[in-house]
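Working notes, beginning with the structure itself.
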Amino acid sequence: MLDDLDSSLEQLLTRELPDLQSSTETHVAISFEMPIDIKQKPAINLFLYDVRENMELRSNEWSLQRRANGTAVKKRPPARVDCSYLITAWANADDPQQEHHILGEVMKLLLRYRTLPEAILQGSLKGQERLPIAVGLRPSYLQSLGEFWQAIGGRPKPALNYMVTIDVPVDEESEEFPLVLDNRIQIRQGI
Numbered sequence: 008m009l010d011d012l013d014s015s016l017e018q019l020l021t022r023e024l025p026d027l028q029s030s031t032e033t034h035v036a037i038s039f040e041m042p043i044d045i046k047q048k049p050a051i052n053l054f055l056y057d058v059r060e061n062m063e064l065r066s067n068e069w070s071l072q073r074r075a076n077g078t079a080v081k082k083r084p085p086a087r088v089d090c091s092y093l094i095t096a097w098a099n100a101d102d103p104q105q106e107h108h109i110l111g112e113v114m115k116l117l118l119r120y121r122t123l124p125e126a127i128l129q130g131s132l133k134g135q136e137r138l139p140i141a142v143g144l145r146p147s148y149l150q151s152l153g154e155f156w157q158a159i160g161g162r163p164k165p166a167l168n169y170m171v172t173i174d175v176p177v178d179e180e181s182e183e184f185p186l187v188l189d190n191r192i193q194i195r196q197g198i
């Protein structure tokens, strides 16, 4: 499921930022690896650094899905999971202006969408009842961005913190049971 989210974000970037993909000279690679030494540059790096259940969006209400054959299936709602990305731009020859330009284009794009467009969803994210919520740019779950860069052995870089909330199914297909389709009340006399 997380790989489908990565693929969906890659699809969004390539579809909505065609100028960054226009030629082999300016082709900007999209990477999901740890942001220490990106090999293919220029690049946009989306590093998934935190995955956690969103307890505020948790629902305990079961749903009843009616089937055409007169049965129903009772299911728990999917868990809502926040996926946090640290997004950095990498340029040839450490050109900070090119990095800032790329990062600025990515920022404008991500702020444009409150949910991920259905057309870019890949794999298990396709056809979900709720579209993934693109929470946008927000404070990082990282305690200190400086400590993060030091811990991975890299130099500090400008970065965007981006969070997407996805549905994660928690139940396998439940057992079918028959529905009550009509009700009859019988009244007896003489009791």
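Numbering (this note's numbering), first residue to last: 8 to 198.
The beta-carbon is built from N, C-alpha and C at its ideal position, and this holds for glycine as well.
Here the structure is a predicted model, which means the values were calculated and not measured.
Report all residues from its chain with a CB closer than 7 Å to the CB of residue i; omit the five preceding and five following residues, and keep chain order.
| i | result |
| --- | --- |
| Val177 | Arg83, Pro85 and Ala86 |
| Asp45 | Checking the displayed sequence, the identity of residue 45 turns out to be Ile instead of Asp. Ser38, Asn52 and Trp97. |
| Ser70 | Lys82 and Pro84 |
| Glu17 | Ile37 |
Go through its chain and collect everything with a Cβ distance to residue i's Cβ below 6 Å, but skip five positions before and after it.
| i | result |
| --- | --- |
| Ala36 | Gln47 and Ala50 |
| Ser147 | Asn168 |
| Gln135 | Asp174 |
| Leu149 | Phe155 |
Using only CA atoms, which one of the options lies nearest to residue i?
| i | options | result |
| --- | --- | --- |
| Pro165 | Ile173, His108 and Ile140 | His108 |
| Asp11 | Gln129, Arg121, Ile173 and Asn190 | Gln129 |
| Leu19 | Leu9, Ile127, Ile159 and Glu154 | Ile127 |
| Pro101 | Pro163, Thr21 and Asp13 | According to the sequence provided, residue 101 is Asp. The question's Pro does not apply to it. Ranking the options by Cα distance to Asp101, first place goes to Pro163. |
| Ile94 | Trp156, Arg195 and Arg22 | Trp156 |
| Gly110 | Ser131, Arg195 and Leu27 | This sequence places Leu at residue 110; Gly is not what is there. Selected option, being the one with the closest Cα: Leu27. |
| Arg121 | Glu106, Lys133, Arg137 and Ser131 | Arg137 |
| Gln105 | Trp69, Leu132, Val142 and His34 | His34 |
| Arg22 | Met62, Leu123 and Gly134 | Leu123 |
Is the distance from the Cβ of residue i to the Cβ of residue j below 7 Å?
| i | j | result |
| --- | --- | --- |
| Ser91 | Asp57 | yes |
| Val171 | Pro139 | yes |
| Glu125 | Leu24 | no |
| Gly153 | Ile43 | no |
Using a Cβ-Cβ cut-off of 8 Å (strictly less than) and excluding sequence neighbours within five positions of residue i, which residues of its own chain qualify?
| i | result |
| --- | --- |
| Leu144 | Met114, Leu117, Leu118, Leu167, Asn168 and Tyr169 |
Can you give the beta carbon distance from residue i to residue j, rounded, assuming they're within the 8 Å contact cut?
| i | j | result |
| --- | --- | --- |
| Val88 | Glu60 | 6 Å |
| Leu223 | Leu64 | Summary: the structure shown does not reach residue 223, with the chain confined to residues 8 through 198, and so no result is reported for it. |
| Ile194 | Leu132 | No, Ile194 and Leu132 are not in contact; Cβ-Cβ is about 54 Å, not under 8 Å. |
Notebook entry, point to check: So, do the stretch 67-76 and the stretch 39-46 have three or more beta carbon pairs nearer to each other than 8 Å?
Noted result: In short, these stretches do not touch, since the Cβ pair count stays below three.
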